[in-house]
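Trainee: Structure below; questions to follow.
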Amino acid sequence: GKEQVSIVKELLDVKLHPGKPSYPLAPEFPLVLHHCGYPHLQFGHSCQNLWTVQCHFEQQWEDLMLAAARIQNGVGSMEDFLVHRDDVLSFCRAKLQERIKKQQKHRATSTEALERNLATLSAGLPVIETSLLTWNSALEWLEQKGLRPSPEGMRDVVHIPLLQRSRGTTYEQKIDALSKSRKRRERYQENVIKKRKTKEEDQAFYDHMTKQGGSGV
Numbered sequence: 003g004k005e006q007v008s009i010v011k012e013l014l015d016v017k018l019h020p021g022k023p024s025y026p027l028a029p030e031f032p033l034v035l036h037h038c039g040y041p042h043l044q045f046g047h048s049c050q051n052l053w054t055v056q057c058h059f060e061q062q063w064e065d066l067m068l069a070a071a072r073i074q075n076g077v078g079s080m081e082d083f084l085v086h087r088d089d090v091l092s093f094c095r096a097k098l099q100e101r102i103k104k105q106q107k108h109r110a111t112s113t114e115a116l117e118r119n120l121a122t123l124s125a126g127l128p129v130i131e132t133s134l135l136t137w138n139s140a141l142e143w144l145e146q147k148g149l150r151p152s153p154e155g156m157r158d159v160v161h162i163p164l165l166q167r168s169r170g171t172t173y174e175q176k177i178d179a180l181s182k183s184r185k186r187r188e189r190y191q192e193n194v195i196k197k198r199k200t201k202e203e204d205q206a207f208y209d210h211m212t213k214q215g216g217s218g219v
């Protein structure tokens with residue numbers, strides 16, 4: 003990965019890092035929970051509930067398989083497309099210069115490898131009489147220069163180490179801000195009252211969720 007394994011334990015230390023760095027949530031698609039067990043509980047399931055969930059999963063499976071096949075076909079059809087050799091060189095030069103500039107700006111990872119690739123830009127690029135090469139050949143050469151198509155490639159984001167990022171507001175800072183502003187304090191108290199639930203509302207919610215869980219075994 004791009005971070006040390008110890009970063010999670012380090013960021014959980016609120017004394018050392020009271021303000022947390024900003025980071026986006028991980029995409030849900032690669033996250034697969036194969037099993038989650040509750041050894042002291044035995045859930046009941048109704049036939050109707052299981053039928054509905056099964057139909058939902060079957061529909062999702064079919065849609066995603068069809069979408070994957072279409073995308074795979076599209077990727078394969080691009081391999082023989084022709085592109086000018088000079089265009090590939092210009093594209094690679096611009097990308098490498100952009101990455102070097104971003105990494106120097108954020109003082110992220112070393113730019114040595116990028117600068118080395120930029121200095122030996124044309125090395126390894128196929129030389130042919132027509133000055134045209136297939137997209138597949140161009141991709142293989144671009145990957146040698148550290149450029150690979152990826153979901154992040156559209157934005158070409160440079161990874162900034164977590165400890166070098168701007169920090170969010172701490173709990174103490176929020177409390178301090180409330181104590182210094184009467185309007186903010188009143189608005190906060192109003193929101194707390196609005197969100198507060200009565201015992202009857204909590205019980206009604208619990209009963210409703212229990213019924214949705216299916217019949218007992």
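Counting from 3, one number per residue, gives the positions in the sequence shown under the numbering used here. By construction, the Cβ of each residue, glycine as well, lies at the ideal position given by its N, Cα and C atoms.
Rounding to the nearest angstrom, what Cα-Cα distance links V194 and E188 in this structure?
Mentor: Residue 194 sits at position 192 when you count from the first residue of the sequence shown. Residue 188 sits at position 186 when you count from the first residue of the sequence shown. Roughly 10 angstroms separates the two Cα atoms.
Trainee: Output needed for E5: all residues of its chain with C-beta closer than 8 angstroms, excluding positions within five of it in sequence on either side, in chain order.
Mentor: In the sequence shown, counting from the first residue as 1, residue 5 sits at position 3. Closer than 8 angstroms at the Cβ level, and outside the excluded window around E5, lie P163 and L164.
Trainee: What residue from C94, K182 and H42 has the CA that sits closest to L144's CA?
Mentor: Start at 1 with the first residue of the sequence shown, and residue 144 comes out as number 142. Nearest option by C-alpha distance: C94.
Trainee: Buried or exposed: where does L98 fall if 16 or more other Cβ atoms within 10 Å of its Cβ makes it buried?
Mentor: What you label residue 98 is simply residue 96 of the sequence shown in a count that begins at 1. L98 comes out buried.
Trainee: CA-CA distance, E203 and Y25?
Mentor: Reading the sequence shown from its first residue, position 201 is the one you call residue 203. Reading the sequence shown from its first residue, position 23 is the one you call residue 25. Whole-angstrom Cα-Cα distance: 36 angstroms.
Trainee: Using the three-state DSSP reduction, which class does V34 fall into: helix, strand or coil?
Mentor: In the sequence shown, the residue the question calls residue 34 occupies position 32. Reduced to three states, the DSSP call for V34 is coil.
Trainee: Inspect the beta-carbon positions of T136 and D82 and report whether they are closer than 8 angstroms.
Mentor: Along the sequence shown, one-based indexing puts residue 136 at 134. Along the sequence shown, one-based indexing puts residue 82 at 80. Going by C-beta atoms, T136 is nearer than 8 angstroms to D82.
Trainee: Is it right to say H210 is buried, meaning 16 or more other beta carbons lie within 10 angstroms of its own, or is it exposed?
Mentor: Here residue 210 is taken as the residue at index 208 of the sequence shown, counted from 1. Exposed.
Trainee: In three-state DSSP terms, what is T54?
Mentor: For the purposes of this step, residue 54 is taken as the residue at position 52 of the sequence shown. Three-state DSSP puts T54 in a helix.
Trainee: Tell me which residues share the same chain as P151 and place their Cβ nearer than 8 angstroms to its Cβ, disregarding the 5 neighbours each side in the sequence.
Mentor: Taking the first residue of the sequence shown as position 1, residue 151 is located at position 149. Excluding sequence neighbours, P151 sits near L141.
Trainee: I need the boundaries of the alpha helix (DSSP H) containing V10, first residue and last residue.
Mentor: Looking up residue 10 in the sequence shown gives position 8. Here the alpha helix (DSSP H) through V10 covers I9 to L13.
Trainee: My assumption, with CB atoms under 8 angstroms, is that R186 sits in contact with A179. Please give the rounded CB distance.
Mentor: Taking the sequence shown and counting its residues from 1, the one referred to as residue 186 is at position 184. Taking the sequence shown and counting its residues from 1, the one referred to as residue 179 is at position 177. Contact holds; Cβ gap of about 6 angstroms.
Trainee: Taking the DSSP output, what are the residues bridged to H86?
Mentor: Locating residue 86 in the sequence shown gives position 84, where the first residue counts as 1. Paired residues: L134.
Trainee: Report back the beta-carbon spacing between L35 and K22 to the nearest angstrom; my notes put them in contact at under 8 angstroms.
Mentor: If you number the sequence shown from 1, residue 35 lands on position 33. If you number the sequence shown from 1, residue 22 lands on position 20. About 25 angstroms; that fails the 8 angstroms criterion.
Trainee: Nearest-angstrom Cα distance between L91 and R72?
Mentor: Here residue 91 corresponds to residue number 89 of the sequence shown, with the count starting at 1. Here residue 72 corresponds to residue number 70 of the sequence shown, with the count starting at 1. Rounded to the nearest angstrom, the two C-alpha atoms are 30 angstroms apart.
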